[in-house]
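K.L.:
Mapped onto this note's numbering, the consecutive letters of the sequence shown carry residue numbers 1261 to 1480. Idealized CB from N, CA, C, for every residue including glycine. Model, not experiment: these values are computed from the prediction.
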Amino acid sequence: MKKQKLAAIKLCAVLVAVYTLQLLTGFQPGFEAGESVWWKFFTSFFGHSDIEHLTNNLFFIGLFGTIYSLVTSTEKFWTTFLISAVGANLTAFIFYPDSVIIGASGGAMGLLSALTVYKPRQTGLALGVPAPIYVVLAMYILINSAGLTGQSQVAYEAHLFGLLTGAAIGLRLRKDSSRPSDQSKSKESGLSDSTDNKEEDGGEDLDERIRKWEEKYMID
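1) Classify residue 1295 as helix, strand or coil using the three-state DSSP reduction.
2) Assuming the contact rule is C-beta atoms closer than 8 Å, residue 1268 and residue 1354 should be a hit. Round their C-beta distance to whole Å, please.
3) The alpha helix (DSSP H) spanning residue 1346 covers which residue range?
4) Can you tell me the Cβ-Cβ gap for residue 1375 and residue 1416, rounded? I've got them flagged as a contact below 8 Å.
5) Would you identify the three-state DSSP class for residue 1384, choosing helix, strand or coil?
6) Tell me residue 1392's beta-bridge partners as DSSP assigns them.
7) Rounded to whole angstroms, what is the Cα-Cα separation between residue 1309 and residue 1439?
8) What are the boundary residues of the alpha helix (DSSP H) that includes residue 1367?
9) Could you tell me the alpha carbon to alpha carbon distance between residue 1434 and residue 1428, rounded to whole angstroms?
10) Tell me, please, whether the stretch 1368 to 1385 touches the stretch 1323 to 1343 by the rule of three or more beta-carbon pairs shorter than 8 Å.
11) In the DSSP output, which residue or residues are listed as bridge partners for residue 1360?
12) Looking at the structure shown, is residue 1439 part of a helix, part of a strand, or coil, going by DSSP?
13) Is any heavy atom of the ligand GTP found at a distance shorter than 7 Å from the C-beta of residue 1335?
14) Tell me which same chain residues have a C-beta within less than 8 Å of the C-beta of residue 1451, skipping the five on either side of it?
15) Cα-Cα, which of 1379, 1330, 1363 and 1425 is closest to residue 1288?
16) Do three or more CB pairs link the stretch 1343 to 1359 to the stretch 1288 to 1299 at distances below 8 Å?
17) Locate the alpha helix (DSSP H) running through residue 1313, then write down its first and last residues.
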């Protein structure tokens, strides 16, 4: 099994380990502005408030994260997750400065949107039903947008910004993949040069044959 296939599984294992640590030791990885040490801003990506919170993110990352790592790479998987999580946490901090920020939801949403923009023909699950990945993304955008209208302890703004961040990353990947690589250009150039040389050689051979024919059959 290739290394990149395990990236999402490894992240899920980390999330489970951190939540187990929370239960066994009382460790709180969440970040609260003005109260928590600075590094908890980053540990908050890996902690969860309850088992349902954890389970939802394990599903997201296990499914969409695995697909994303397969069509990109381990490095891009981690980069997308972390950048999306940072963006989501900053948004949560702005909208809820007095609340504890915790959870991998922003990073998970970023993986989904990056995958959708980069590979829109992929298939995902919408409420357990196989559907085009863009339908899945649209459904979660609607769910989180609807959450903005009510009172909730869920930072839907952070989820949406995580989606937006991931979409920007997916767009960048899509643009990069559409550009011809230098290697391809080099191959094309080499092929063109080779063809030109062959044409030139062919032209010289033809001239030489004509000259010999003239020497043999033409009378001075």
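P.N.:
By the coordinates alone:
1) coil
2) Not quite, the Cβ-Cβ distance comes to about 29 Å (not below 8 Å), so this is no contact.
3) 1334 to 1355
4) Contact flag wrong, Cβ pair sits at about 21 Å.
5) strand
6) 1383
7) 43 Å
8) 1365 to 1378
9) 10 Å
10) yes
11) 1292
12) coil
13) Here there are no bound small molecules, and the ligand GTP is not part of this structure.
14) Caution applies to residue 1451, whose pLDDT of 49 falls short of 50 and renders its modelled position unreliable; the value that the coordinates give is listed next. So the list is empty, once near-sequence residues are dropped.
15) 1363
16) yes
17) 1311 to 1320
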